[in-house]
Every structure is written in structure tokens, then in C-alpha cells.
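Sequential numbering from 408 applies to the sequence shown in my numbering. Have a look at the structure below before the remarks.
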Amino acid sequence: MSPKFDFLRAFDFRRALLPALCLAAVSQAAFAEEDLWATMQKTASAARELNYQGLFVYHNGAMIRSVQITHIYEGGREFTRNVVLDGRPREVFSEGDDIVIFNAKNDKVVIEKRRGQNLFPAMLPTQLYPLKQNYKLKFVGQERIAGRLAQVIDMVPNDNLRYQYRIWSDAEYGLLLKMSMLDMQGHTLEQIGFNQVAMLHTKDLDWFQPKIDATKPYVMDDTTDLTHTVDNLVVANLPAGYKKVDQIQLKVPGRTAPVQQLIFSDGLASVSLFVEPMVKGMQPRVGKKTMGSTNVYAHVLNGYQLVVVGEVPAQTVEQIAQQVTFKK
């Protein structure tokens, strides 16, 4: 005769195991999170270190832009050429963080020099520590993008000072294939992603030069002046996770005084503060406005026009604007 099953003892046995089972579940969850961050690190590096060519499309509200991209990594240096295929002709060349834009305007081509940050598909910073402080990762599943299998991962913010992002990372190479920005309700505010992409097996750089239109003069844009700053400007108590990453001075056509631009970022989200001295006859701008994923907050302080603009929630731009002071 078989022994009777002791339900009470079995219950006690399971109860005794419960703490260990819970600990194992937590460890697996933590390990999964680290795996996802490892995928993010691979994605951040892949955009900079792989050789590829493709076509990506940018959507923001009614705006749609198609861009052809070629990227080569050679000898520790990055070379990228973006050709905008819609609207006014424009070519963007970058070598590392240095960007040169060839922009057709009326009867001339204006050459603009800029410092780059977060150009697709290099949207993620190589140093992920700031993102780990402000976002949690969640695995969504797998999808095919541009004919390639992608891991889909959500970057969920820890607070309401930044939007949520959805990342499509190439399952084989780690290249960022697509990225969406989502509001608090999960609605897509902005999206950018490849329609076509292929890895390149050549390191030839013959393509790294603009198409010259011999019928138009080429002129250098001199709107950026890095020699002056507003020394008494202070922005205290930035929103959690944000820090100043750049500060430049702009010469704006039609303005007698330069405009100061300060750029803040959490490693992914970016906000610009524009500071301009009020002059006689200048109409002050005050108020807030939302345009798709972009929020704007403007007010006047101590004789300066302040405008904060960013693809972040409205309270983030307002908080930054309210933290501006001028040292006496």
C-alpha cells in the first residue's frame, strides 16, 4: 500500500521554499535587466563602429523626411554622409562630432559648421550610466525592420521629466534600426527608422564629398560665435538627470545682440535654453506652447528674453526656465 500524501507537510515545504524562490525570481529579473543594458551598449557602439548604408525616414507630426545615409568607421575615425531626399536639397557630413551642412538657400549654398549630438542611428550615448539612472528597460519582443530581425526594448522613464522611448536593435549586429518617442499615454510623438539598410564591406571614402552645383556660389555661414558667453547666467537645480552639455553664442540675422544657447541633456533627451537681451522696440514673448513632441516655454527676466525648447514634457522646459537667475 502506497504511503498517504501529506498535504500539510507539502504546504510547509513550499512555504519554506518561498523566500528562496522569490530571491531567484528577483535575481533573474535583475539579470534580464543587465542583459538589456548590454544590448543597449552594443547598439550604442554599433552605430559608430559598423560600416553601413541605408535609407531612413523621420516622422514628426505632419513632417516626413527621407534621408540616405552612408557611414564608414576607419582607423578609429567616423565618416558619415546624410543626403536629405525631400524638400530643399541638403547634405550633412560628419567626421566624429564635427558636422558640416551644405544647405541650398535661394541662389546660393550655405555651408554651416556645427557640433553634433545624437544623429540617427547614433542616438544612444556610448556612456550609458546617465540613462541607467533615469530609465528602466523592458523587453517587448521581436519584429522585422527593413528586412532584418530586431529586438524591441522600451526605455521607461523613472519620472515625468522625460518621454518614453522604444528601441529596435538589430538582433545580429546591434545597429539601431528604428526608434520611437512616446508620450505618457503611449502615443507616438516622433519616429525615425530604416526602410532599407545594408552592411558595407568597403572602406572606400570617395563618396565623402558633396555634390557640387556649379551654378550656385558657396558661402560660409558665420552665425556661430564661440568667443563670448553670458558670464553671470546661472541655471540652478536642473531637473533630475539633466546636465549642461554645451554652450554657444549665436549671431542671428536681424538681431543687434547675440543670442546665448545652453544645451542640457540626460544622455538622450535634449533641451535648449536661448537667452537674448531685450532691446528697444523688441516685443517680449511670454507663455507656453506644444508642437508635436516639442514644448516651448518663454518669459522675460531681468531684461532678458528666455526661451526654453525641447522634445521633453512641458514641465521640464518650464522647470528649467524658472531656475534661470543672473548673478549680481
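Cβ coordinates follow ideal geometry from the N, Cα and C atoms, glycine included.
- Counting C-beta pairs with one atom in each stretch, the region 680–696 and the region 657–671 have three or more that are closer than 8 angstroms, which means they touch.
- C-alpha of Q460 to C-alpha of T609: approximately 11 angstroms in a straight line.
- The residue from M530, N489, K696, L568 with its alpha-carbon nearest to that of S501 is N489.
- Annotation for W575: the continuous beta strand (DSSP E) segment containing it runs 571–577.
- About 16 angstroms separates the CB atoms of P528 and G674; that is not less than 8 angstroms, and the two are not in contact.
- Taken atom to atom, the span from the alpha-carbon of Y572 to that of P691 is near 35 angstroms.
- Cβ atoms of A453 and L582 come within 8 angstroms of each other, at about 5 angstroms.
- For A705, the beta-bridge partners assigned by DSSP are G694, V714.
- Membership of L443 in the alpha helix (DSSP H) is indicated by the continuous run 414–456.
- The C-beta distance from V731 to V716 rounds to 14 angstroms, too long to meet the 8 angstroms contact threshold.
- Within 10 angstroms of the beta-carbon of E597 lie 16 or more other beta-carbons, which makes it buried.
- For the pair P720 and N525, the CB atoms are not nearer than the 9 angstroms cut-off.
- Judged by DSSP in its simplified three-state form, V659 adopts coil rather than helix or strand.
- In the DSSP assignment, Y465 is bridged to R472, I599.
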